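Asker: Counting along the sequence shown from 1, when you hit position 278 you're at 278 in UniProt numbering, and nothing is skipped either side. Note that the Cβ used here is the ideal one computed from N, Cα and C, for glycine as well. Just so it is clear, the structure is predicted and the values come from calculations on it, not from any experiment. Pasting a structure below so you can have a look.
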Amino acid sequence: MQTQSSFKTTETGTLFLVPTPIGNLDDMTYRAIDTLKSVALIAAEDTRNTQKLLNHFEIETKQISFHEHNTQQRIETLIEKLEAGDDIAQVSDAGMPSISDPGHELVKACIEAGISVVPLPGANAGITALIASGITPQPFTFYGFLPRKGKELTEAVTTLAQKPEALIFYEAPHRLKKTLQALLSTFGVDRKVTLGRELTKKFEEFIRGDLEEVLAWATETELRGEFVMIVAGNPAPDATVSAVATESLSLPEQVEAQIQQGASPNVAIKTVAKANGLKKQVVYNAYHELTE
1 MQTQSSFKTT
11 ETGTLFLVPT
21 PIGNLDDMTY
31 RAIDTLKSVA
41 LIAAEDTRNT
51 QKLLNHFEIE
61 TKQISFHEHN
71 TQQRIETLIE
81 KLEAGDDIAQ
91 VSDAGMPSIS
101 DPGHELVKAC
111 IEAGISVVPL
121 PGANAGITAL
131 IASGITPQPF
141 TFYGFLPRKG
151 KELTEAVTTL
161 AQKPEALIFY
171 EAPHRLKKTL
181 QALLSTFGVD
191 RKVTLGRELT
201 KKFEEFIRGD
211 LEEVLAWATE
221 TELRGEFVMI
231 VAGNPAPDAT
241 VSAVATESLS
251 LPEQVEAQIQ
261 QGASPNVAIK
271 TVAKANGLKK
281 QVVYNAYHEL
291 TE
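Right, here's the structure in full:
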């Protein structure tokens, strides 16, 4: 067990977790600016990107790079500086550190070393999109980026399809259609979804509808900018999944549809069995044309 008094004077420095704007620079808080000016060093995900922010607010604090490719080697350096009494601010390119960005490992290292970790409140794309989505905001699950590989993606959305709470995802424009298709295939055509695009920027846009409608929009639209996806929870978690189990498709056809979305045969059979309320062996036999 450990108790931290965030603002009690100590011999060591403090790690400040400082959020940065997700698009609109006016969302930078006074406290965030003052903190970046007062610390001895800023650990930045991309120093070139952060320098633009520092220039805008006339912040002259020195930076050091801290990203997913140099995390381990940098942590030792940063801990040494903190133990020597230097205050350090950690920032990501946009939004909150550690949320789909580097930072968690450094926080853990500081806690283990008895160094105070002080978070500042600020911009977060997921919560910003959630409150404007029109989808019931509480409770919710923040997931971030879904897996890239077909098998892992199918397994993830199959599990998430049963959750009754709102779901928050991040997605890149070049992957949006594939992700929407995977959700549609597993969640069903009627599940409500809201896309938030270019949040807080000049071309901010919200696209609201069911998964089938939003997938059609994505198919017909030139996709640009990062997306936040808010998906409504499952109102009946134990119900079968209508997009998988349909009267128009046989069990083998349903399995093939899942495989075409990137699932392995084994995962596809499991998904179809669950959607139809059948034992996995029944679907396996039907797909492989085996008799009992």
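Reducing DSSP to helix, strand and coil, say where LYS192 ends up.
Answerer: Looking at LYS192 - three-state DSSP - the assignment turns out to be strand.
Asker: To the nearest whole angstrom, what separates the beta carbons of ASP27 and THR179, a pair I think is in contact under 8 Å?
Answerer: That pair is no contact at about 27 Å.
Asker: Near GLY54, what residues of its chain come up, given a Cβ to Cβ distance below 8 Å and the 5 sequence neighbours on each side ignored?
Answerer: In the sequence on display, residue 54 carries Leu and not Gly. So the list reads LEU36, ILE42, GLU60, THR61, GLN63, once near-sequence residues are dropped.
Asker: Helix, strand or coil, according to DSSP, for LEU290 in the structure here?
Answerer: Of the three classes helix, strand and coil, the one that applies to LEU290 here is coil, per DSSP.
Asker: When the distance is taken between beta carbons, is ALA218 closer than 8 Å to ILE135?
Answerer: Cβ distance not < 8 Å, so ILE135 and ALA218 don't count as in contact.
Asker: Taking only runs that begin and end inside the region 70-108, name each unbroken alpha helix (DSSP H) of 4 or more residues, in chain order.
Answerer: The qualifying runs are 71-83.
Asker: In terms of residue numbering, what span does the beta strand (DSSP E) encompassing SER65 cover?
Answerer: From DSSP, the beta strand (DSSP E) with SER65 extends over 63-65.
Asker: Would you give the residue range spanned by the beta strand (DSSP E) that VAL117 belongs to?
Answerer: 116-119 is the span of the beta strand (DSSP E), which, as asked, contains VAL117.
Asker: On the CB-based measure, 16 or more other CB atoms within 10 Å of its CB, does ARG224 come out buried or exposed?
Answerer: So ARG224 ends up on the exposed side.
Asker: Give me the Cα-Cα distance between GLU256 and PRO265, rounded to the nearest whole angstrom.
Answerer: Looking at the two C-alpha atoms, the distance is approximately 8 Å.
Asker: Less than 8 Å separating the beta-carbons of LEU153 and ALA132?
Answerer: Taking 8 Å as the Cβ cut-off, LEU153 and ALA132 do not qualify as a contacting pair.
Asker: Roughly how many whole angstroms lie between the Cα atoms of THR240 and ASN234?
Answerer: Since pLDDT at THR240 reaches only 43, below the 50 mark, its modelled position is unreliable, and the value read off the structure follows with that caveat. Spanning the two alpha carbons is a distance of roughly 11 Å.
Asker: Specify the secondary structure class of PHE169 as computed by DSSP and reduced to three states.
Answerer: Correct three-state label for PHE169: strand.
Asker: Under the rule that 16 or more other beta-carbon atoms within 10 Å means buried, what is SER242, buried or exposed?
Answerer: Summary for SER242: the model assigns pLDDT 47, below 50, so the residue's position carries little reliability; its value from the coordinates is reported in the next sentence. Flag for SER242 reads exposed.
Asker: Keeping to the same chain, check which residues put their C-beta closer than 6 Å to that of ALA40; ignore five residues upstream and five downstream.
Answerer: ASP86, ASP87.
Asker: What are the boundary residues of the alpha helix (DSSP H) that includes ASP27?
Answerer: Per DSSP, ASP27 belongs to no alpha helix (DSSP H) and is neither H nor E.
Asker: From this set, PHE169, LYS8, ASN49, ALA275, which residue's C-alpha is nearest residue 341's C-alpha?
Answerer: Nothing can be reported for residue 341: it is not among the residues displayed for the chain, which extend from 1 to 292.
Asker: Under a three-way DSSP split, which group does THR205 fall into?
Answerer: Checking the displayed sequence, the identity of residue 205 turns out to be Glu instead of Thr. Here GLU205 sits in strand by DSSP.
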